[in-house]
Amino acid sequence: MAIHALFPTLIYRARLASVSAQRFDQDLADECQALAASDAAGRRWSVKNYPGGYTSYGSLDRLHLISPLFDRLRRQIDRHVARFTRSLRYDLASRTVVMTDCWLNVMPAGVAHSLHLHPTSFISGTYYVAVPRGAGALKFEDPRLSRLMAAPPRRADAPRAMRPFVSLAARPGDLVLFESWLRHEVPPARYVGERVSISFNYAWVGTRAKVGAKKR
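Converting from the sequence shown to my numbering requires adding 78 to each position, the first position being numbered 1.
Pasting the structure below:
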């Protein structure tokens, strides 16, 4: 008899190692608040699409291209994305992996971000800049859930890998990476302050291989 675990769903979590991490996060928090205060178009977009909170997703979604501080964050995240994609066994030897989108989110208590995924990318993630105690966790959905059909509910003591939903508590300074097809949400929570995070997408582009190139 044999039981095989197939088709794993991998989640990557790490802290951004830096001797000046606390100062870096404070600089990020200050820039996020300044952007949120000055981004009138983003605030208007958020009223309709992010009630009670603010996101630059609809206005400033390439922050790594316009802010040196966000580009510094991008360079740190690049290294973690490279490690994650190696764990996923993707063949990227002749391909380039790049950050395509980067935006910020400010969530006061009670704000929710409903279930969604990130099309047109293959790796997505979040970096937590500021997280008040009790702020909303990142909740992932089992990608097979819509196909379970007549399955009974899971037992209360089911291991985390077999549950229909798994939540990861948000912690300041943490980086979380996942494959972009994995649906996720941030349920509402009660806390004091604002949950500030930076979300992003990565895609692979082109190929460096040259057809018919001569060997040397």
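In this text, a Cβ means the ideal position worked out from N, Cα and C, and glycines have one as well.
Each residue's CA atom was taken as its position, placing A190 and V283 some 33 Å apart. When secondary structure is reduced to three states using DSSP, P146 falls in the helix class. Separation of P186 and A213 (C-alpha to C-alpha, rounded to the nearest whole angstrom) is 9 Å.
Sequence-distant Cβ neighbours of D117 in its own chain, meaning closer than 7 Å and more than five residues away, are S134, S137, L138. Cβ contact annotation for H196 (same chain, cutoff 6 Å, sequence separation greater than five): S202, S258, N279, in chain order. Bridge pairing for E219: F243 [DSSP].
Selection S165, R211, L170, T204 evaluated against D179 yields T204 as nearest (Cα-Cα). Taking a cut-off of 8 Å on C-beta distances, the stretch 159 to 179 does not touch the stretch 242 to 251, as fewer than three cross pairs fall below it. Listed in chain order, the beta strand (DSSP E) runs fully inside the stretch 164 to 188 are 174 to 186, counting runs of at least 3 residues.
The alpha-carbon of L88 is positioned some 30 Å away from that of Q104. Excluding residues up to 5 positions away in sequence, L94 lie with their Cβ nearer than 6 Å to the Cβ of Q154 in the same chain.
If you draw a 10 Å sphere on the C-beta of G120, you find 16 or more other C-beta atoms in it, and that means buried. Taking every protein chain shown into account, the CB of S124 has 16 or more other CB atoms within 10 angstroms, so this residue is buried.
DSSP places W259 outside both helix and strand once states are collapsed to three, so it counts as coil. I276 is classed as buried because its beta carbon has at least 16 other beta carbons within 10 Å across all chains shown. The alpha-carbon of F148 is positioned some 22 Å away from that of T163.
Within the DSSP secondary-structure output, D252 pairs in a beta bridge with R93. With fewer than 16 other beta carbons inside 10 angstroms of its own, N127 counts as exposed. In this structure P250 is buried. Its beta-carbon is surrounded by 16 or more other beta-carbon atoms within 10 angstroms. With respect to K217, E263 sits close: the two C-beta atoms are nearer than 8 Å.
Excluding its 5 nearest sequence neighbours in each direction, A112 has no C-beta neighbour in its own chain below 6 Å. Put simply, the backbone Cα of G188 is about 18 Å away from that of A114. In the DSSP assignment, L84 falls outside any beta strand (DSSP E) and carries neither an H nor an E.
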